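Novice: In my numbering, the protein residues as written are 129 to 497. We put the CB at the ideal spot given by N, CA and C, even for glycine. Given the structure is predicted, the values throughout are model-derived calculations rather than measurements. Can you keep this structure in mind? I'll have questions shortly.
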Ligand SMILES: [Fe+2]
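Shown next as structure tokens:
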């Protein structure tokens, strides 16, 4: 049986009931402020002048990455391992590292004064409910992603653009996936349509260094930032070696599996996919990776201006071909594009479907698991 040393009884009950837990001070401090130090150089914007902030919402690429056990405090790492039933069940390399792919919610002049007037954003009016699965075909038992993680790189204030979570949407997602054994290819609007009518919403609020561990089937959305500051998070995942087993003879389900069984109101589920499994290039990574060149140029120019060697900028993209290949492998950038291509341009808000290749053809060369 899975042994729980780090997850308290309260943690386990909270995860089963609400689909998420908060872990305060989860990040080793050497990966907080030091990784944030060159954020504004990467952006080419002025932290003290919101008129230079070009976007309301921005997803950045990853330059630095370290294994989770080094990145997290021992307690946070222990909780992550236990929630999936042990480190040995995690994928040996895919998304096995945490990194500095920041997601920034800058707010906007159009929300000026709303927080001060006591107004709150309405989670039912959010525009981007989804689950994170843009790199594989989603089945009920898929564990290409088991946990969607949200690490806070700034304090996330009330009304300050924290992610909306829809706790009572998990049963609808599970039911839909059980009814669709053929699986879903990203994008998948129909899977989460019910989320907008749900009732149990939570908006993330927390301190720099906190971690929110969320179940992969918990729908979530970006939220408007009613306060004019740059809210910064990262949003990596825990991928599993094998798919979930919802029919264990010994009943030793991990907490991710227990959430699914609870949502379906059953103690076991026999599930057989009717199509092949599929792993693909992450559809929403393309436009982030497209930023690498300009960010590198800004960081290197900054080093030059300071009299430092521009080749010593800390980025995997300057570590040689082998390091870049490893990085690609860890993040799925070595995979072929899936049946719906990739999103070529975007900010990551909502589902922006630009699902074609440069020449408007689709390359149907899936990698079957
Ligand atoms: Fe997401």
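1) Would the beta-carbon of residue 255 be found less than 7 angstroms away from any heavy atom of ligand 1?
2) Answer yes or no: the CB of residue 317 versus the heavy atoms of ligand 1, is any distance below 7 angstroms?
3) Spatial neighbours of residue 462 within its chain, please: C-beta separation below 7 angstroms, excluding the five flanking residues on both sides.
4) Quick check: the region 391 to 405 against the region 156 to 165, are there 3 or more CB pairs under 8 angstroms?
5) Could you say if the region 280 to 289 and the region 439 to 453 meet the contact criterion of at least three C-beta pairs nearer than 8 angstroms?
6) Throw me the rounded Cβ distance for the residue 264 and residue 374 pair, which I believe falls under 8 angstroms.
7) Residue 302 by DSSP, collapsed to three states: which one?
8) How is the beta strand (DSSP E) around residue 113 delimited, first residue to last?
9) Say the cut is 7 angstroms; is the CB of residue 459 nearer than that to a heavy atom of ligand 1?
10) Look at the Cβ atom of residue 242, then the Cβ atom of residue 148, and state whether they are nearer than 8 angstroms.
11) Tell me, to the nearest whole angstrom, how far the beta carbon of residue 414 is from that of residue 452; I am working on the premise that it is less than 8 angstroms.
12) Where does residue 142 sit, in a helix, a strand or coil, going by DSSP?
13) What residue range does the alpha helix (DSSP H) around residue 426 cover?
14) State the start and end residues of the unbroken alpha helix (DSSP H) segment that holds residue 211.
15) From which residue to which residue does the alpha helix (DSSP H) around residue 452 run?
16) Mapping DSSP to helix, strand and coil, what is residue 415?
17) Does the beta-carbon of residue 180 have 16 or more other beta-carbons within 10 angstroms, so that it is buried, or is it exposed?
18) Out of 388, 189 and 340, point me to the one whose CA is closest to residue 271's CA.
19) With distance defined between alpha-carbon atoms, name the residue in 210, 142, 428 and 268 nearest to residue 380.
20) I believe residue 347 touches residue 259 by the beta-carbon criterion, under 8 angstroms. Please report the beta-carbon distance rounded to the nearest angstrom.
21) Excluding the 5 residues preceding and the 5 following residue 360 in the sequence, name in chain order all residues of the same chain whose CB lies nearer than 6 angstroms to its CB.
22) Please report how far the alpha carbon of residue 420 lies from the alpha carbon of residue 195, in whole angstroms.
23) Please classify residue 349: does DSSP put it in a helix, a strand, or coil?
24) Could you please give me the residues that DSSP links to residue 195 through a beta bridge?
25) By alpha-carbon positions, which one of 302, 166, 178 and 254 ends up nearest to residue 188?
Specialist: Based on what the coordinates show:
1) Counting from one through the chain shown, the residue named residue 255 turns up at place 127. Taking 7 angstroms as the cut-off, one finds no heavy atom of ligand 1 near enough to the beta carbon of residue 255.
2) As a position in the chain shown, residue 317 is number 189, starting the count at 1. Checking the Cβ of residue 317 against ligand 1 gives no.
3) Taking the first residue of the chain shown as 1, we reach residue 462 at position 334. Within the same chain, residue 462 has close Cβ partners 456.
4) Two segments are said to touch when three or more pairs of C-beta atoms, one from each, lie closer than 8 angstroms; by this definition the region 391 to 405 does not touch the region 156 to 165.
5) Not touching, per the Cβ criterion.
6) In the chain shown, counting from the first residue as 1, residue 264 sits at position 136. In the chain shown, counting from the first residue as 1, residue 374 sits at position 246. That belief does not hold up - the Cβ atoms of residue 264 and residue 374 are roughly 17 angstroms apart, past 8 angstroms.
7) Looking up residue 302 in the chain shown gives position 174. Note: residue 302 maps to helix in three-state DSSP.
8) What is shown of the chain runs 129 to 497, which leaves residue 113 out entirely.
9) Here residue 459 refers to the residue found at position 331 of the chain shown. Not under cutoff, so the answer is no.
10) Here the question's residue 242 lines up with position 114 in the chain shown. Here the question's residue 148 lines up with position 20 in the chain shown. Cβ distance not < 8 angstroms, so residue 242 and residue 148 don't count as in contact.
11) Position 286 of the chain shown, counted from the first residue, corresponds to residue 414. Position 324 of the chain shown, counted from the first residue, corresponds to residue 452. That pair is no contact at about 16 angstroms.
12) Counted from its first residue, the chain shown places residue 142 at position 14. In the three-state reduction of the DSSP assignment, residue 142 falls in the helix class.
13) Start at 1 with the first residue of the chain shown, and residue 426 comes out as number 298. Unbroken alpha helix (DSSP H) run through residue 426: 420 to 433.
14) Position 83 of the chain shown, counting from 1, holds the residue named residue 211. That run of the alpha helix (DSSP H) goes 202 to 212.
15) The count along the chain shown starts at 1 and reaches residue 452 at position 324. Residues 449 to 459.
16) Walking along the chain shown from the start, residue 415 turns up at place 287. Correct three-state label for residue 415: helix.
17) Position 52 of the chain shown, counted from the first residue, corresponds to residue 180. With fewer than 16 Cβ atoms within 10 Å of its Cβ, residue 180 is classed as exposed.
18) Position 143 of the chain shown, counted from the start, is the residue given in the question as residue 271. Residue 388 is the option with its Cα nearest to residue 271.
19) Position 252 of the chain shown holds residue 380. Taking only the C-alpha atoms, the option nearest residue 380 is 210.
20) As a working mapping, residue 347 is identified with position 219 in the chain shown. As a working mapping, residue 259 is identified with position 131 in the chain shown. Confirmed, Cβ separation roughly 6 angstroms.
21) Residue mapping note: residue 360 aligns to position 232 of the chain shown, counting from 1. Here the set comprises 230, 232, 281 and 282.
22) On the chain shown, position 292 is the one that residue 420 refers to. On the chain shown, position 67 is the one that residue 195 refers to. So the alpha carbons of these two residues sit roughly 21 angstroms apart.
23) In the chain shown, counting from the first residue as 1, residue 349 sits at position 221. In the structure shown, residue 349 sits in a strand (DSSP, three-state: E or B).
24) Within the chain shown, the letter at position 67 stands for residue 195. DSSP output for residue 195 lists 225 as bridge partner(s).
25) Translated into the one-based positions of the chain shown, residue 188 becomes position 60. Checking every option, the nearest Cα to that of residue 188 belongs to 166.
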